[in-house]
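This report refers to the structure that appears directly beneath it.
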Amino acid sequence: MKPGALSRRALIKGAAALAALRALRPLRLTAGIGDARPAGPRRKPLHVAVVGAGAFGGWTALYLLRKGARVTLIDAWGPGNSRASSGGETRVIRATYGPDRPYVQMVVRALALWRENEVRWKRPLFRKTGVLWMAGPDDRYEKASLPLMRAAGLTIDAWSAAEAGTRFPQVNFEGVSWVIHERDAGYLLARRSCQEVLQGFLSEGGDYRQREARPGAIQDGLLREILLSDGSRLVADRHVFACGPWLGALFPDLLGERITPTRQEVFFFGTPPGDPRFLEERLPVWIDNGARIFYGIPGSDGRGFKVADDTRGPTVDPTTQERMPTKAGLRAARGYMEFRFPGMQGAPLLETRVCQYENSPDTRFIIDRHPRAGNLFIVGGGSGHGFKHGPAIGERVADLVLGAASPDPFFSLARLTLMNGGS
Ligand SMILES: Cc1cc2nc3c(=O)[nH]c(=O)nc-3n(C[C@H](O)[C@H](O)[C@H](O)COP(=O)(O)OP(=O)(O)OC[C@H]3O[C@@H](n4cnc5c(N)ncnc54)[C@H](O)[C@@H]3O)c2cc1C
């Protein structure tokens, strides 16, 4: 078949999906807020099933509920479980995103929503430590970031390496060309936030089930049901699959080659006794955009000085991979830490974590409708930077599912089809 040509079968399927989409019950929208009650005499709320209670699915379920839908959230092992990409202690929230304006705007929205929900639940989720972003010799990414962050209203300092060195003498800025200091940024509690989101969801009337789920048949342009591990079936009006690194296995035709889970190792080193220089009251979160990207979070909750290498590891299966770090990974993390933070020389290793990124081919998220099922939505591709955006994604996906917004081409599945040469 010629590239770009559509088979008769694909055309029929596409037409069916379109017809199904039109047949989806119309939504009543009030004052720009999606009201998920269908028009008509019964005014029964729309039922949405969300599979995956990680950073993407949990917040999506919560915002669907807040916008009026009846929501069933399903997760195989629970929110922020140790297999999930949202597991573990902490995640960085920063707005340095090169030329990608959509992400900067989403970070600004996410920061507001993280704070809003913290206040609502009276639970700490976000620590505003600031973020130090170290530019390497090629600083095009950083130069593109500055105007976008400032235009978005964020408070940003730009320092020479020498100036940064006088403020943070515990850091060796050798090889750093200059530094961005994001004052509004910091870190988020990871697993704990996912659990708080579930608690919030339940207290606001959501229904949660701990089961494995898989999509049932797609017929006439609609997903008909979700099959659960206890043998039951869930029939909802609309469905969201936010299964992080498992998305490729759940939708092999659509996503099998588009979501790649890669092994990532994280190390926590012990800071010297009685020495506050490597704790968050003296040192912001840091990201070193050098030849290899390393990043870290100064000892939170006494767990140690977190050091991680952002380089993608080998492809793994998130269900079966063993979570034992490698000697090579530890050597690289220690070598980097001792160079950049000389006061951490000889620091003992306290804890480790092995996780996985769920990479899309261009590291952009995937937030879109399934091309063959009008009532099925895919949300994923966090690619090592998705956590911070959780609430902003949740709000956005809720609007998409409830018909109050259209898919954003920046996060579309179609862009990946084009990247893959029309496959
Ligand atoms: C080591 C590491 C460091 C990171 N650092 C940062 C950072 O500093 N800042 C940042 O913003 N982001 C960071 N990220 C990325 C971010 O954590 C992820 O992009 C984000 O958490 C992905 O969330 P998710 O909900 O898509 O996936 P997940 O958290 O994996 O959630 C998917 C959920 O689906 C469930 N599930 C899967 N299959 C099924 C099924 N068949 N039935 C039922 N349930 C199912 C799983 O149990 C899981 O709970 C990091 C990721 C890692 C691994």
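Numbering (my numbering), first residue to last: 45 to 467. Positions of the beta carbon are idealized from the N, C-alpha and C atoms, including for glycine.
- Message: Taking the beta strand (DSSP E) that L393 belongs to, which residues open and close that run?
- Response: In the sequence shown, counting from the first residue as 1, residue 393 sits at position 349. Run containing L393: L393 to N403, per the beta strand (DSSP E) assignment.
- Task: Leaving aside the five residues before and after D201 along the sequence, list all residues of the same chain whose C-beta is less than 6 angstroms from its C-beta, in chain order.
- Result: As a position in the sequence shown, residue 201 is number 157, starting the count at 1. Beyond the five residues adjoining it in sequence on each side, D201 comes within less than 6 angstroms, by CB distance, of H225 in the same chain, given in chain order.
- With a threshold of 16 other CB atoms inside 10 Å of the CB of F454, please say whether the residue is buried or exposed. What you label residue 454 is simply residue 410 of the sequence shown in a count that begins at 1. F454 should be labelled exposed.
- Reference G101; option with closest CA among V115, P89 and Y339: Within the sequence shown, the letter at position 57 stands for residue 101. Here the closest residue by C-alpha is V115.
- Reference A205; option with closest CA among Q214, L457 and D412: Locating residue 205 in the sequence shown gives position 161, counting from the first residue. Taking A205 as reference, the option from Q214, L457 and D412 with the minimal CA-CA separation is Q214.
- Item | Residue range of the beta strand (DSSP E) that includes E309 | Numbered from 1 along the sequence shown, position 265 holds the residue referred to as residue 309. Element bounds for E309: T304 to F313.
- Using a Cβ-Cβ cut-off of 7 angstroms (strictly less than) and excluding sequence neighbours within five positions of C238, which residues of its own chain qualify? Taking the first residue of the sequence shown as 1, we reach residue 238 at position 194. Cβ neighbours of C238 beyond the five flanking positions: A97, G98, A99, G102, P123, G124 and S130.
- Message: When you compare the CB positions of N333 and G180, do they come within less than 8 angstroms of one another, or not?
- Response: Translated into the one-based positions of the sequence shown, residue 333 becomes position 289. Translated into the one-based positions of the sequence shown, residue 180 becomes position 136. Their beta carbons are under 8 angstroms apart, which means N333 touches G180 by this criterion.
- Does the count of Cβ pairs from the region 155 to 171 and the region 416 to 429 closer than 8 angstroms reach three? Counting Cβ pairs under 8 angstroms, fewer than three are found: no touch.
- Message: Quick check: the Cα distance between R375 and M388, rounded to an integer number of angstroms?
- Response: In the sequence shown, counting from the first residue as 1, residue 375 sits at position 331. In the sequence shown, counting from the first residue as 1, residue 388 sits at position 344. The C-alpha of M388 is placed about 14 angstroms away from the C-alpha of R375.
- CA-CA distance, T134 and R235? Numbered from 1 along the sequence shown, position 90 holds the residue referred to as residue 134. Numbered from 1 along the sequence shown, position 191 holds the residue referred to as residue 235. In this model, T134 and R235 are separated by some 8 angstroms (Cα to Cα).
- Exposed or buried, which one is D182 when buried takes at least 16 other CB atoms within 10 Å? Locating residue 182 in the sequence shown gives position 138, counting from the first residue. Flag for D182 reads exposed.
- Message: Alpha carbons only, please: which of R440, I337, G300 and R277 is nearest the one belonging to G288?
- Response: What you label residue 288 is simply residue 244 of the sequence shown in a count that begins at 1. Comparing Cα positions, the closest option is G300.
- Query: With distances taken from CA atoms, which of N403, V279, E160 and S247 is nearest V95?
  - Reply: Taking the sequence shown and counting its residues from 1, the one referred to as residue 95 is at position 51. Residue V279 is the option with its Cα nearest to V95.
- Task: Identify whether H433 lies in helix, strand or coil by the three-state DSSP scheme.
- Result: Here residue 433 is taken as the residue at index 389 of the sequence shown, counted from 1. Helix at H433.
- Do L323 and F245 have their C-beta atoms within less than 8 angstroms of each other? The residue given as residue 323 occupies position 279 in the sequence shown. The residue given as residue 245 occupies position 201 in the sequence shown. No, Cβ-Cβ distance for L323 and F245 is not below 8 angstroms.
- Item | Own chain partners of T140 with C-beta closer than 6 angstroms, once the 5 adjacent residues on each side are dropped | The count along the sequence shown starts at 1 and reaches residue 140 at position 96. Within the same chain, Cβ atoms closer than 6 angstroms to the Cβ of T140 are found at W177, S189 and I224, the five residues on either side in sequence being excluded.
- Query: Taking 7 angstroms as the cut-off, is the CB of Y401 close to at least one heavy atom of ligand 1?
  - Reply: Position 357 of the sequence shown, counted from the start, is the residue given in the question as residue 401. Checking every heavy atom of ligand 1 against the Cβ of Y401, one is found closer than 7 angstroms.
- Item | Option in P435, G434, G418 and K432 with minimal Cα separation from P451 | Your numbering for residue 451 matches position 407 in the sequence shown. Closest by alpha carbon: G418.
- Message: Between R413, H91, G447 and Y107, which has its C-alpha nearest A436's C-alpha?
- Response: To locate residue 436, count along the sequence shown from 1; it is residue 392. Of the candidates R413, H91, G447 and Y107, the one whose C-alpha sits nearest the C-alpha of A436 is Y107.
- Excluding five sequence neighbours on each side, which residues of the same chain lie with their C-beta closer than 6 angstroms to the C-beta of T407? Residue mapping note: residue 407 aligns to position 363 of the sequence shown, counting from 1. So the list reads S427, once near-sequence residues are dropped.
- Message: Our contact map puts A449 next to R440 with C-beta atoms below 8 angstroms; I'd like the distance itself, whole angstroms only.
- Response: The sequence position of residue 449 within the sequence shown is 405, counting from 1. The sequence position of residue 440 within the sequence shown is 396, counting from 1. Confirmed, Cβ separation roughly 7 angstroms.
- Message: Here's the rule I'm using: 16 or more other beta-carbon atoms within 10 Å means buried, otherwise exposed. How should D297 be labelled?
- Response: As a first step, residue 297 must be located in the sequence shown, where it is residue number 253. Under this definition D297 is an exposed residue.
- From the DSSP output, in three-state form, read off P453 for me. One-based indexing of the sequence shown puts residue 453 at position 409. Looking at P453 - three-state DSSP - the assignment turns out to be helix.
- Item | W290 Cβ short of 7 angstroms to ligand 1 heavy atom set | Translated into the one-based positions of the sequence shown, residue 290 becomes position 246. Because some heavy atom of ligand 1 lies under 7 angstroms away, the Cβ of W290 counts as near it: yes.
- Item | Pick from R459, D119 and M150 that is closest to E256, judged by C-alpha positions | Counted from its first residue, the sequence shown places residue 256 at position 212. When only C-alpha atoms are compared, the closest one is D119.
- Item | Selection from L393, K371, V148 and F409 that minimises the alpha carbon distance to T304 | Within the sequence shown, the letter at position 260 stands for residue 304. Of the candidates L393, K371, V148 and F409, the one whose C-alpha sits nearest the C-alpha of T304 is F409.
- Can you name, in chain order, every residue of its own chain whose Cβ lies under 6 angstroms from the Cβ of V151, other than the five neighbours on each side? Translated into the one-based positions of the sequence shown, residue 151 becomes position 107. Closer than 6 angstroms at the Cβ level, and outside the excluded window around V151, lie A139.
- Message: Determine whether the beta carbon atoms of R253 and G260 lie at a separation below 8 angstroms.
- Response: Along the sequence shown, read from residue 1 onward, the residue named residue 253 stands at position 209. Along the sequence shown, read from residue 1 onward, the residue named residue 260 stands at position 216. Note that the C-beta distance between R253 and G260 is not below 8 angstroms.
- Message: Could you tell me the alpha carbon to alpha carbon distance between G438 and R110, rounded to whole angstroms?
- Response: Counting from 1 along the sequence shown, the entry for residue 438 is found at position 394. Counting from 1 along the sequence shown, the entry for residue 110 is found at position 66. The straight-line gap from Cα to Cα measures roughly 11 angstroms.
- Can you tell me the Cα-Cα spacing of G219 and V445, whole angstroms? For the purposes of this step, residue 219 is identified with residue 175 of the sequence shown, where counting begins at 1. For the purposes of this step, residue 445 is identified with residue 401 of the sequence shown, where counting begins at 1. So the alpha carbons of these two residues sit roughly 47 angstroms apart.
- Run the proximity test for V115: is its beta-carbon closer than 7 angstroms to any non-hydrogen atom belonging to ligand 1? Here residue 115 is taken as the residue at index 71 of the sequence shown, counted from 1. For V115, the Cβ stays outside the 7 angstroms cut-off from all heavy atoms of ligand 1.
- Neighbour-count burial assignment, P386, 16 or more Cβ in a 10 Å radius: Within the sequence shown, the letter at position 342 stands for residue 386. Around the beta carbon of P386, fewer than 16 other beta carbons sit within 10 angstroms, so the residue counts as exposed.
- Please find out if some non-hydrogen atom of ligand 1 comes closer than 7 angstroms to the beta-carbon of D228. Here residue 228 corresponds to residue number 184 of the sequence shown, with the count starting at 1. No, ligand 1 has no heavy atom inside 7 angstroms of this Cβ.
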